[in-house]
Amino acid sequence: MEWQISIEELEDFARDFWQQFKEAKAFAFHGQMGAGKTTTIAALCRHKGVQDAVGSPTFSIINEYTYGTGRKIYHIDLYRLRDMEEIIQSGVEDAVYSGEICMVEWPEKAPELFEDSTIHVQISALDSGTRSVKVTTHAQFLAASVVEQS
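Throughout, the working numbering is defined as the position within the sequence shown, counted from one, plus 100.
Quick look at the structure:
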């Protein structure tokens, strides 16, 4: 699936996204710095009913938000982590496998962390106000990665 969205269309995108992926728990967000990963995640959290301000967890590594009747969304940023040992020590692995919704920025830092049920979200800037958002299953993402490396 692929969308081309502007900032004004983010809320509609979030509604459509959750209709498509209502059962999924793990989401890996790929994109260059400034592509809109955190902005997109914030819209997805708002649509779920998160009342807290959603910001980048670059320094905290994991932000935890609540919605509904005590449900959680973990927003994780792996950018500053160096290796799998740091990822495990910071609690990322526990959050990813918690059964709660988990949205991970910079997942390429720990590809082994993601299971077959992971949904991959690739965001890229088309221009200053429009983003391409491509969503694939884990198998589709891996297949595309193999093709790109050939």
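In this text, a Cβ means the ideal position worked out from N, Cα and C, and glycines have one as well.
Item to check | Residue(s) in a DSSP beta bridge with Cys202 | outcome: Mapped onto the sequence shown, residue 202 falls at position 102. Looking at the DSSP assignment, Cys202 forms a beta bridge with Ala126 and Tyr174.
Next on the checklist: Assuming the contact rule is C-beta atoms closer than 8 Å, Pro211 and Leu178 should be a hit. Round their C-beta distance to whole Å, please.
Outcome noted: The count along the sequence shown starts at 1 and reaches residue 211 at position 111. The count along the sequence shown starts at 1 and reaches residue 178 at position 78. Beta-carbon to beta-carbon, Pro211 and Leu178 are separated by about 10 Å, too far to satisfy the 8 Å threshold.
Checklist entry - What do you get for Lys125, buried or exposed, if any count of 16 or more other CB atoms within 10 angstroms of its CB means buried? => result Here the question's residue 125 lines up with position 25 in the sequence shown. By the beta-carbon neighbour count (other beta carbons within 10 angstroms, threshold 16), Lys125 is buried.
Next on the checklist: Between which residues of its own chain and Val51 is the CB-CB distance below 6 Å, once the five residues before and five after are set aside?
Outcome noted: Nothing about residue 51 can be reported from this structure: the residues present for the chain run from 101 to 250 only.
Next on the checklist: Please state the DSSP three-state secondary structure of Asp227.
Outcome noted: Counting from one through the sequence shown, the residue named residue 227 turns up at place 127. Asp227: strand per DSSP, three-state reduction.
Checklist entry - To which residues of the same chain is Gly136 closer than 6 Å at the C-beta, ignoring the five residues directly before and after it? => result Locating residue 136 in the sequence shown gives position 36, counting from the first residue. So the list reads Ile223 and Arg231, once near-sequence residues are dropped.
Item to check | Own chain residues within Cβ distance below 6 Å of Glu205, not counting five before or after | outcome: Within the sequence shown, the letter at position 105 stands for residue 205. For Glu205, where only same-chain residues beyond five positions count, the Cβ hits under 6 Å are Phe129, Lys137 and Asp177.
Next on the checklist: Just to confirm the assignment, what range does the alpha helix (DSSP H) spanning Thr139 have?
Outcome noted: Taking the sequence shown and counting its residues from 1, the one referred to as residue 139 is at position 39. First-last of the alpha helix (DSSP H) with Thr139: Lys137 to Lys148.
Checklist entry - Count the other CB atoms within 10 Å of the CB of Thr236; is the residue buried (16 or more) or exposed (fewer)? => result Taking the first residue of the sequence shown as 1, we reach residue 236 at position 136. With 16 or more other Cβ atoms within 10 Å, it is buried.
Checklist entry - So Leu195 packs on Tyr174, CB below 8 Å; how close in whole Å? => result Translated into positions along the sequence shown, residue 195 becomes position 95. Translated into positions along the sequence shown, residue 174 becomes position 74. This sequence places Ala at residue 195; Leu is not what is there. Going by Cβ atoms, the distance from Ala195 to Tyr174 rounds to 4 Å, so yes, they are a contact pair.
Item to check | Distance between beta carbons of Phe127 and Val233, contact taken as under 8 Å | outcome: The residue given as residue 233 occupies position 133 in the sequence shown. The residue given as residue 127 occupies position 27 in the sequence shown. The distance from the Cβ of Val233 to that of Phe127 is about 12 Å, inconsistent with a contact at the 8 Å cut-off.
Item to check | Own chain, CB closer than 8 Å to Ala239, minus 5 neighbours either side, in chain order | outcome: Position 139 of the sequence shown, counting from 1, holds the residue named residue 239. Correct list, in chain order: Asp216.
Item to check | Of the residues Phe241, Lys209, Ile105 and Glu123, the one placed nearest Asp183, counting alpha carbons only | outcome: In the sequence shown, the residue the question calls residue 183 occupies position 83. Ranking Phe241, Lys209, Ile105 and Glu123 by Cα distance to Asp183 puts Lys209 first.
Checklist entry - When DSSP labels each residue in this structure, what does Ile219 get in the three-state scheme? => result The sequence position of residue 219 within the sequence shown is 119, counting from 1. Strand, per DSSP.
Next on the checklist: Going by beta-carbon coordinates alone, are Ile107 and Gly229 separated by less than 8 Å?
Outcome noted: Counted from its first residue, the sequence shown places residue 107 at position 7. Counted from its first residue, the sequence shown places residue 229 at position 129. Using a Cβ distance threshold of 8 Å, Ile107 and Gly229 count as a contacting pair.
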